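Working notes, beginning with the structure itself.
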Amino acid sequence: MEIWEDKVVLGIKNERIGRDKVPSLHHVRVKPLNRILKFAVINIALVVLVHGSNSITRDDFPPGFVFGAGSSAYQVEGASNKDGRSPSIWDTFAHAGRMHGDTGDVACDEYHKYKEDVQLMVDTGIDAYRFSISWSRIIPNGRGAINQKGLQYYNNLINELISNEIQPHVTLHHHDLPQVFENEYGGWISRKIVKDFTAYADVCFREFGDRVKYWTTVNEANVFALGGYGSGSLPPGRCSADNCSAGNSSIEPYLATHHILLAHASAARLYERRYKDKQHGFIGINILQFWFVPNTDGTEDEIATQRAKDFYIGWYLNPLIFGDYPEIMKKNVGSRFPAFTSLESETIKGSFDFIGVNYYYPVHVKDNSSSLKLEIRDFFADAGVKLIPVLNESAYEFPITPNGLVGILEDMKQNYGNPLTYIHENGQRTRRNSSLEDWPRVKYLDAYIQSLLEAVRNGSNVKGYFEWSLLDAFELLDGYESSYGLYYIDLDDPDLVRQPKLSAHWYSHFLKAKRSFSSVGLIKSLPYDYFSH
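With the working numbering applied, the sequence shown closes on residue 538, and no number is skipped along the way.
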């Protein structure tokens, strides 16, 4: 999951469920009569679902539009201490017990099962796989000597993808900075990171750029800065509150973002200068987007909604597109806010080919400008807003609000020049081990993909969609307590066997169908073995 949960931003405690309280699906078998009944129930339900909506297929999208699925290194690879890999800040954070005692030490073991996972991608019919490179795996000391075994793993994965006609879309940093830099100079709060990140990016461009054409420098940069340095809910877990052993929430989120933008621009300009003419690739950065909705019709909430956009989204998009931070941020944060030199502003402005967008659900915005009167303020007080997530009060799953995705893309078109955009993450949360018949995920994907087509037809410059996630992985905040995958993995099974959920079959049929598909077609396409689980 790459979801900016309420806990990170709003301080709201999320509902949790332990693995000992949910049944395992492994070894569950359905008797023949029950299998027939299940077949009939699913058939009827799909008739209602599919024919009750405006059925579409991938052929309704423009030629070249990419459909894929995503993951990240620490969330799926495992092999955390194998073949020379060193710890990252995510390893340290998880091993400190910050994620319900769960770690990514084994995760999905994609390090050893990558060929099997690529075959799942082929079976599903996706065009592209979005994954990240573990900096700690290819350069264990952060800088200097390259770990050949780590390099070989990514070469093997990339080659396996390409041999199966699947595009690799690679992220360089996904919450997993080498711990050595955190120890040496504080990681992203130090300007020294710019040079080290650029050198790391150079290695990746040089070693993989002949085959990788889509690069993302940093994943969910706004979330990483706020969760890692504002609330302490994400690696490296720094904040001013008692739950953090170190940090300063008043300044560190701003410093981290400042250095992320400088490092991104430095790497992007390096690629542009040294590699682009030969490799013909594209480079961008990724943020989590919310669709902000005023909590009331009052003027205060209307103004607060724009302020929320400026603080949470404009914080990154404004420098990238206009060359500087939003004026309201500079005004509210004052002397604590870092400033760009004129040269830095020119370097950052336009330093991207695309913007990656992650979207899960909308939030209501309530004015809280009284927080600006506090003597000591953090990012959340500086913003002067309260964010109220639009979530199902009685359900674990996210509400289905596809108009929010359309609104975000329209806002980018109207206010940010309609940049080339990829939906890097969008997916539904369910309880882990709940069911292979993941209807909430099927309904979620159906609604959002239809809304995406609406945005494309309205002129939004979006060229791809990546479902989060391919596998049930180690999640950003939940560890192993929630599920986003198209494929289920039983953690109690030493072989970590992958099992397709109903959503995997739905997505596959959507991608492979040549016309608007019916439930009958989908049911016929399901492998008989599906109903034995």
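Idealized CB from N, CA, C, for every residue including glycine.
Quick caveat: nothing in here was measured; it's all calculated off a predicted structure.
| query | When you compare only the Cα positions, how much space is there between E121 and I393? | reply | One-based indexing of the sequence shown puts residue 121 at position 116. One-based indexing of the sequence shown puts residue 393 at position 388. So the alpha carbons of these two residues sit roughly 41 Å apart.
| Where the beta strand (DSSP E) through I167 begins and ends | Here residue 167 refers to the residue found at position 162 of the sequence shown. Looking at the DSSP string, I167 is not in any beta strand (DSSP E); the run it does join, the alpha helix (DSSP H), is 153-168.
| request: Indicate, with yes or no, if the ligand HEM has a heavy atom lying under 7 Å from the CB of V208. | output: Among the components modelled here there is no ligand, and therefore nothing to report on the ligand HEM.
| Boundaries (first-last residue) of the alpha helix (DSSP H) holding P324 | On the sequence shown, position 319 is the one that residue 324 refers to. Unbroken alpha helix (DSSP H) run through P324: 320-327.
| query | Are the beta-carbon atoms belonging to E82 and Y134 less than 8 Å from one another? | reply | On the sequence shown, residue 82 is found 77 positions in, with the first residue counted as 1. On the sequence shown, residue 134 is found 129 positions in, with the first residue counted as 1. No.
| message | Can you give me the C-alpha to C-alpha distance between G89 and G192, rounded to a whole angstrom? | response | The residue you call residue 89 lines up with position 84 of the sequence shown. The residue you call residue 192 lines up with position 187 of the sequence shown. Rounded to whole angstroms, G89 to G192 spans 21 Å at the Cα level.
| Residue range of the alpha helix (DSSP H) that includes L507 | What you label residue 507 is simply residue 502 of the sequence shown in a count that begins at 1. Here the alpha helix (DSSP H) through L507 covers 507-517.
| message | Let's test the definition: count the other Cβ atoms within 10 Å of the Cβ of H285 and tell me whether it reaches 16, buried, or not, exposed. | response | For this step, residue 285 is matched to residue 280 along the sequence shown. It counts as exposed.
| field | Cβ shell of N227 (< 7 Å), same chain only, five flanking positions each side left out | value | As a first step, residue 227 must be located in the sequence shown, where it is residue number 222. Cβ within range, chain order: I292, L293, Y317, W320, Y321.
| query | Hey, quick one: how far does the beta strand (DSSP E) through T301 stretch, first residue to last? | reply | Stepping through the sequence shown from its first residue, residue 301 is reached at position 296. No beta strand (DSSP E) contains T301, which DSSP labels as neither H nor E.
| task | Can you check DSSP and say which residues form a bridge with R503? | result | Mapped onto the sequence shown, residue 503 falls at position 498. According to DSSP, R503 bridges with I494.
| task | Assign N337 to one of two classes, buried (16 or more other C-beta atoms within 10 Å of its C-beta) or exposed (fewer than that). | result | Reading the sequence shown from its first residue, position 332 is the one you call residue 337. By the 10 Å Cβ count, N337 comes out buried.
| What residues match up with F359 in a beta bridge as DSSP calls it? | Residue numbering aside, residue 359 sits at position 354 when the sequence shown is read from its first letter. F359 is bridged to G289.
| A150, enclosing beta strand (DSSP E) - first and last residue | In the sequence shown, the residue the question calls residue 150 occupies position 145. From DSSP, A150 is part of no beta strand (DSSP E); its letter is neither H nor E.
| field | Of the listed residues W444, I454, I494, nearest to L516 (C-alpha basis) | value | The count along the sequence shown starts at 1 and reaches residue 516 at position 511. Residue I454 is the option with its Cα nearest to L516.
| field | Bridge-paired residues (DSSP) for Y317 | value | For the purposes of this step, residue 317 is taken as the residue at position 312 of the sequence shown. Bridge partners of Y317: none, in fact.
| query | Taking just the CA atoms, how far does P445 sit from A112? | reply | Reading the sequence shown from its first residue, position 107 is the one you call residue 112. Reading the sequence shown from its first residue, position 440 is the one you call residue 445. Each residue's alpha carbon lies about 24 Å from the other.
| query | Hey, I131 and F72 are a contact pair by Cβ (cut 8 Å); roughly how many whole angstroms apart? | reply | As a working mapping, residue 131 is identified with position 126 in the sequence shown. As a working mapping, residue 72 is identified with position 67 in the sequence shown. Sure, about 6 Å apart at Cβ, within 8 Å.
| request: Measure the beta-carbon distance from A478 to S76 and round it to whole angstroms, keeping in mind my assumption that it falls under 8 Å. | output: Residue mapping note: residue 478 aligns to position 473 of the sequence shown, counting from 1. Residue mapping note: residue 76 aligns to position 71 of the sequence shown, counting from 1. At roughly 6 Å, the Cβ-Cβ gap stays under 8 Å, so A478 and S76 are in contact.
| Is G339 helix, strand or coil by DSSP? | Reading the sequence shown from its first residue, position 334 is the one you call residue 339. Of the three classes helix, strand and coil, the one that applies to G339 here is helix, per DSSP.
| With 16 other CB atoms within 10 Å as the buried threshold, where does A150 fall? | Counted from its first residue, the sequence shown places residue 150 at position 145. Classification of A150: exposed, given that the 10 Å Cβ count is below 16.
| query | Along the chain, where does the beta strand (DSSP E) that runs through G391 open and close? | reply | If you number the sequence shown from 1, residue 391 lands on position 386. Gly is not the amino acid found at residue 391; the sequence shown has Lys there. Residues 390-394.
| task | Could you check if I381 is buried or exposed, using at least 16 other CB atoms within 10 Å of its CB as the buried criterion? | result | On the sequence shown, residue 381 is found 376 positions in, with the first residue counted as 1. With fewer than 16 Cβ atoms within 10 Å of its Cβ, I381 is classed as exposed.
| message | Mapping the DSSP letters down to three states, classify T222 as helix, strand or coil. | response | Against the sequence shown, residue 222 aligns to sequence position 217. Correct three-state label for T222: strand.
| Touching or not, the segment 351-371 and the segment 388-408, by the rule of three or more beta carbon pairs under 8 Å? | yes
| field | CA-to-CA distance, T62 to K541, given in whole angstroms | value | As displayed, the chain neither begins before 6 nor continues past 538, which places residue 541 out of reach and without an answer.
| message | Distance check for I171 and S91, CA to CA, integer angstroms please. | response | Against the sequence shown, residue 91 aligns to sequence position 86. Against the sequence shown, residue 171 aligns to sequence position 166. Whole-angstrom Cα-Cα distance: 29 Å.
| request: Flag this pair as yes or no: are the beta carbons of F431 and Y489 separated by less than 8 Å? | output: Taking the first residue of the sequence shown as position 1, residue 431 is located at position 426. Taking the first residue of the sequence shown as position 1, residue 489 is located at position 484. It should be pointed out that residue 431 corresponds to Asn in this sequence rather than to Phe. Going by C-beta atoms, N431 is not nearer than 8 Å to Y489.
| message | Could you check whether F384 and G484 sit closer than 8 Å to each other, using their CB atoms as the reference points? | response | On the sequence shown, position 479 is the one that residue 484 refers to. On the sequence shown, position 379 is the one that residue 384 refers to. Not a contact, by the Cβ cut-off of 8 Å.
| task | Go to A133, then tell me how far its beta strand (DSSP E) extends in each direction, as first and last residue. | result | Taking the first residue of the sequence shown as position 1, residue 133 is located at position 128. 133-137 is the span of the beta strand (DSSP E), which, as asked, contains A133.
| task | Inspect the CB distances between the segment 436-443 and the segment 328-337 and report whether three or more fall short of 8 Å. | result | no
| query | Should L491 and S508 be called a contact, given that it needs their Cβ atoms to be closer than 8 Å? | reply | Within the sequence shown, the letter at position 486 stands for residue 491. Within the sequence shown, the letter at position 503 stands for residue 508. Yes.
| How do the segment 174-194 and the segment 215-230 stand: do at least 3 beta-carbon pairs fall below 8 Å, yes or no? | yes
| request: Would you mind sorting E351 into buried or exposed? The rule is 16 or more other CB atoms within 10 Å of its CB. | output: Residue 351 sits at position 346 when you count from the first residue of the sequence shown. That one is exposed.
| request: Starting from the C-beta of N373, find all residues in its chain whose C-beta is less than 6 Å away, skip the five residues before and the five after it, and write them out in chain order. | output: Reading the sequence shown from its first residue, position 368 is the one you call residue 373. Correct list, in chain order: G389, V390, K391.
| query | Between the segment 207-219 and the segment 229-245, do three or more beta carbon pairs fall short of 8 Å? | reply | no
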